[in-house]
Amino acid sequence: MHHDAFNLDEAVAMLERTPATLSALLANLPERWERAIDGDGEWSPYDVIGHLIDGERANWMVRARHILAGEPGPFPPFDRTAHLNANQGKSTGDLLATFAELRRENVAALVGLKLTDEDLNRTGLHPEFGEVRLGQLLATWVVHDLNHLRQIVQSLARVYTEAVGPWSAYLLILERE
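This note's numbering runs 19 ahead of the 1-based position in the sequence shown.
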């Protein structure tokens with residue numbers, strides 16, 4: 020099998036795993052870990068969960084439905100930083116629970132669409148990239164999760180950047196890109 024071939028069943032399996040993975044990494048951690056920031060302008064693990072919640076509400080399935088409905092014009096805009104103010108006062112546990120519920124709903128909705136290969140090749144208009152296929156959008160959803168999981172793990176690792184002492188030479192996760 021070619022590694023780049025999109026497979027909907029595999030994508031669903033990956034999307035279903037993200038809430039439990041986030042909970043395993045972040046539930047009941049001390050605040051300094053939850054709020055660890057990797058650098059100026061970066062998001063903490065807490066911020067990333069908020070961003071993922073926003074994506075569940077206003078991005079992935081909204082855009083999938085836009086494509087399937089054949090709506091003209093570009094996708095509705097998605098504010099990638101809306102979460103930075105929206106989640107003030109909410110605990111990490113609250114955000115994890117909200118994300119898990121929204122993801123369950125969206126995965127159920129996605130599976131309920133019973134998408135065909137023809138559906139996966141339908142196109143919509145991204146405001147920046149132009150024409151994109153539904154299969155590309157869904158593959159991006161999976162990789163977007165993985166991208167942010169990497170970001171979270173890197174932020175967590177860097178809490179101990181100094182504490183590891185000379186072993187930092189062997190810990191690639193601590194290197195600045």
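Don't be surprised by glycine CBs; every beta carbon is placed ideally from N, CA and C.
Does DSSP put residue i in a helix, a strand or coil?
{"i": "E90", "result": "coil"}
{"i": "L144", "result": "strand"}
{"i": "E75", "result": "helix"}
{"i": "E50", "result": "helix"}
{"i": "R82", "result": "helix"}
Residue i to residue j, Cα distance in whole Å?
{"i": "G131", "j": "N125", "result": "10 Å"}
{"i": "Q155", "j": "I86", "result": "12 Å"}
{"i": "N106", "j": "I72", "result": "10 Å"}
{"i": "R195", "j": "A188", "result": "12 Å"}
{"i": "E42", "j": "L34", "result": "Here residue 42 is Ser; the residue named in the question, Glu, does not match the sequence. Going by the C-alpha atoms only, they are around 14 Å apart."}
{"i": "I192", "j": "D138", "result": "39 Å"}
Are the beta-carbon atoms of residue i and residue j separated by less than 8 Å?
{"i": "P96", "j": "P146", "result": "yes"}
{"i": "R82", "j": "G143", "result": "yes"}
{"i": "Q170", "j": "V67", "result": "yes"}
By Cβ distance, which residues of its chain are closer than 8 Å to residue i, with the 5 residues on each side in sequence left out?
{"i": "L121", "result": "I72, E75, R76"}
{"i": "M80", "result": "N125, A128, L129"}
{"i": "L153", "result": "A83, I86, L87, L134, D138, L139, N140, R141, T142, G143"}
Suppose the cutoff is 7 Å on Cβ atoms and the five residues either side in sequence are ignored; what does the same chain contact list for residue i look like?
{"i": "A55", "result": "S63, P64, S174, L175, R177, V178"}
{"i": "A46", "result": "G112, L115"}
Between which two residues does the alpha helix (DSSP H) harbouring residue i extend?
{"i": "G149", "result": "No alpha helix (DSSP H) contains G149, which is instead part of the beta strand (DSSP E) from 149-152."}
{"i": "S42", "result": "27-45"}
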